[in-house]
Every structure is written in structure tokens, then in C-alpha cells.
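The sequence shown begins at 8 in our numbering and counts up by one.
Heads up, the beta-carbon is just placed ideally off N, CA and C, and yes, glycines get one too.
Contents: one structure, followed by commentary.
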Amino acid sequence: MSTETAPILSVAPPAYTPSTRAPSYSYALRDNERLVAQSPRHKARPAGSFVKKSARDTVALSEQDPSAAVPTYGREGTVAGFVELQDRELVTAVVLQIKGKVTVGDADATAIEHEYVFLEHSVDLWTASTGSSPPSQLPFAYTLPATFMVNDTKRLLPPSYTTPHTSIVYTLSVTVTRARARKFFLCTPKNNIAIRFDYRPRTRAGAAICPSAPGSFLQDLKAMPDEWRQHTHHVPARPKSGVAPLNLQMYVPAMGVFALDERIPFHLQLAGPAASLREFYCADARKERLLVEVTVVRQTLVTIKSMPMFQSRSVIGRADLMTLPPGACDTDRVSDCASLDWSGDLRVKSGGHSGSFDAGIVKVQDFLVVDIIPVAGPKAHFDRIRHSYPIRLATNP
């Protein structure tokens, strides 16, 4: 039986032409481009040290900006550094303590009425029981916990926070104890070095707000209806005024979570019969009057041992309003219908580095607040009305 092998054909590969080079790319925007969204980049850790010296001893904290007023740590950050000692032969003990506490002042903010310690960590860096002098430098490292327990509930460690009456403060203290020597008999045997530091855990808004051009709200609403949340309110007239009520519509981004440095866009419409709007406005053509005010209000509530201790509210942002041309009205009597429309942006201008948080003992809530301000006076047909919408502020986009 014979077998035959098929001949192997030798075929040359097709001709190859090198691909053209990819076009050059630059992250800088051109004149006809705009930035839609951007992922924030992590900041590099500082390479310097924060140093504080007291008498014969020095405390140095690593990975800090040496020009900063206080050291700063993020979520589960490690407080690391070393203690440098002089006159080591007299040292009997070196103790490190890290503490976090809430303080509530009196009505005049001149004295502390209540204090609650929610974080306390103490460790002996060196004691004389070792039988020898301590080294010239004693290193230490402590990782801040992410949570703590309050009223049998686990809560996230709160950020550093300060108001005129309430504060959340973190401190690191190193106490160096020395034996008295005859030539230093009048010297204090203990040297305490206290350093206040900021705890700033990062929180994210989760999604970027799509930028919109001024006056383009209706186009944005039609193109992206799911991106907006509508709030409708009845604006009643005073009893026996004989004036029909008005309707208020407020549009805000649906996600409800915003970064501290973001613009918060919104749109307002006050609509109803033209006669009612005239009574609401009743403006002298020679005068301009504020009809609507939009603000961000921060509420701080302090609760210690299940007892409310303090509550405050403060305005941390105001809106820049732009009056828009009159819009359409959803009534059968179109000829008798009118509306006042505004668009604007809110920016948080105060409030420090802290977003909204709930640590049980301290709860910080933020609200978008709309004030409807009709003409005042005994013959006024409308009362001033305020509506608030809870939002959450984050430290990062």
C-alpha cells in the first residue's frame, strides 16, 4: 500500500504597509472643546516632617507638610514619627497619647459646658524598668481607627470640625518624665508636648455634575430628564385675600450628593394667575426687590449620652440668581397665566474642609433652602415661605 504526500505550496505573505502614526494627544482643551467629567487624581504624600520642640525634647511627625499649621491625616492614616530626647540619663518614662474629643461651649462660647472623649490611645514608648538609658530617638506609629463605638453603635470616626460653640478636636501628646537632679532641682520633672492635628477622611460625591450653559435649563431637562429632580409646592394666599394661590417648582440635580467645591445648578419657577403674581410682586418700577433667596444651610446637632446638648444652623453658601424670560404655564386660561423663572448656581463658601457626616455624638446635615419673599406689609396677600431639601456634601468629586 502506497501513500502519497500532498505537495506543500509556498505562498509569500501579503505586502505590509506600516500603519500611520497615532495623532498627537494633549489633555489641554481646545477652543471648541469642554470638559464633561474628570477623575480626580490622588495627591502625593508630603515628604517633609512636622516638628515641635519643647525645652529639651522634640517630636517629629513624618509625611507632613512642614509649612502647614497643623499635621493632617486621612481615613485610617498612620500617625508616625519619633521623639528625640536630651539629658537621656535623667529620663524615667516616655508616654504617647492620642485623643479625640467633642466639646460644647456655653451660649457665649467662653467656657466648655460638656466634653466627650470618643478616642483615647496611650502607649509607653519607654520606661526605666528596662534598666538602661533610652535611645536618643524613640520611634512610634499608630493607625487611626476607621470607626468607634457610641451608644452600642459603630460609627465612622468624625472629621475635625469647628463651630463657634462646638468642636471635634484630635491631639497627640508626648509626656517625658525625668528624675530630679540636684542642679536642676527647680526644673519641672515632666515635659508635655501637645500637638493638635486635623483628621480629614475623604468622601466622594460619586458622579460629576454635567455642566450647563446659562439659560439652557429647558434644553438640559429635555435631553437628560433623569438627571433632574422636581419638587412642587403650593404657595397659598392669606385667608380672605381673594387671591388665587401660586405654584412653585424647584429643579435640582437628582443625585443629591455634591462636592464642597462644586457648583450646584438649579432652576426655579413661580407660576399662577397674573393677578396673583402682581399681588405677590407688587413692585415699584423704580425699585428692585429680592423675591427669592436660595442658600445652603448647615445644621449641627450634638447629642451626648442620648441627650441633645446643642443645635445650630448657619448659612454656608448663597446662590447667584439669573432671571429668565417668562415660561409657559399649564392651565386652560393661558391668557391669564404668568410665571417668574430663575436659574442659578450654588457654591459653598464656608464650612471648612468637612462635608456632611453623622458620628452619633455629632451630626452635620446640609440643606438646600429656598425662601419665597413676597411684598411685606399689613395688606400683603402672601406670607413668606421657606422650603428645604436635604443634600449631602462630600469632600471630593
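Gln144 is positioned such that its CB atom lies no closer than 8 Å to that of Glu96.
According to the DSSP secondary-structure assignment, Leu103 is paired through a beta bridge with Val130, Val181. For Gln226, the enclosing alpha helix (DSSP H) covers residues 224 to 230. Residue pairing by DSSP places Arg393 opposite Asp378 in a beta bridge. Rounded to the nearest whole angstrom, the C-alpha separation of Ala212 and Pro166 is 17 Å. In the pairwise beta carbon analysis, the region 148 to 157 is classified as not touching the region 341 to 353: fewer than three pairs are separated by under 8 Å.
Under the DSSP definition of a beta bridge, Arg162 partners with Phe155. Residue state for Arg285 is assigned as helix, using DSSP reduced to three classes. The Cβ-Cβ distance between Asn198 and Ser56 does not fall below 8 Å.
Counted as a single uninterrupted DSSP element, the stretch harbouring Gly84 is not any beta strand (DSSP E), since DSSP gives it neither H nor E. In the three-state scheme derived from DSSP, where H, G and I count as helix and E and B as strand, Leu331 is classed as strand.
With respect to the 8 Å criterion, Gly362 and Ala401 are classified as neighbours on the basis of their beta carbons. The DSSP-derived three-state label of Ser140 is coil.
With a cutoff of 8 Å on beta-carbon distance, Tyr258 and His274 are scored as near each other. Inclusion of Val376 and Thr330 in the CB contact set at 8 Å is not warranted, their separation being larger than that value. Between Leu163 and Ala35, the C-beta gap is not smaller than 8 Å, which leaves the two residues out of contact. Three or more Cβ pairs closer than 8 Å define a contact, and the region 123 to 140 falls short of that threshold against the region 69 to 82.
Rounded to the nearest whole angstrom, the CA to CA distance from Gln104 to Val176 is 14 Å.
Beta-bridge analysis with DSSP links His238 to Met257. Straight through space, the alpha carbons of Leu298 and Leu68 are spaced by roughly 53 Å. By the C-beta density criterion, Glu40 is exposed, having fewer than 16 other C-beta atoms within 10 angstroms. In terms of Cα proximity to Phe147, the closest of Ser140, Val181, Phe317, Ser139 is Val181. Arg285 has its alpha-carbon roughly 33 Å from the corresponding atom of Ser321.
Of the residues assessed, Thr160 falls on the exposed side of the cut-off, its CB having fewer than 16 other CB atoms within 10 angstroms. In this structure, Glu234 sits away from Ala266, with a CB-CB distance that is not shorter than 8 Å. Under the criterion of beta carbons closer than 8 Å, Val66 and Gly88 qualify as touching, at roughly 7 Å. Note: Glu91 is bridge-paired with Thr65, Gln144 in the DSSP secondary-structure output. The alpha-carbon of Ala51 is positioned some 20 Å away from that of Leu151. With respect to the 8 Å criterion, Val304 and Thr173 are not classified as neighbours on the basis of their beta carbons.
Within the same chain, Gly362, Ala401, Thr402 come within 6 Å of Thr210 by CB-CB distance, once the 5 residues on both sides are set aside. If you look at Gln306, you'll find it in the beta strand (DSSP E) that goes 299 to 311. Taking Ile368 as reference, the option from Pro315, Lys356, Leu253 with the minimal CA-CA separation is Pro315. The beta carbon of Phe317 sits closer than 7 Å to the beta carbons of Val111, His172, Thr173, Val309 from its chain, once the five residues preceding and following it are set aside; these are given in chain order.
Remark: C-beta atoms of Pro272 and Asp352 approach each other more closely than 8 Å. Between His238 and the set Glu120, Pro141, Tyr396, the nearest pair of CA atoms involves Tyr396. Here Gly81 is not near Arg187, since their CB atoms are 8 Å or more apart.
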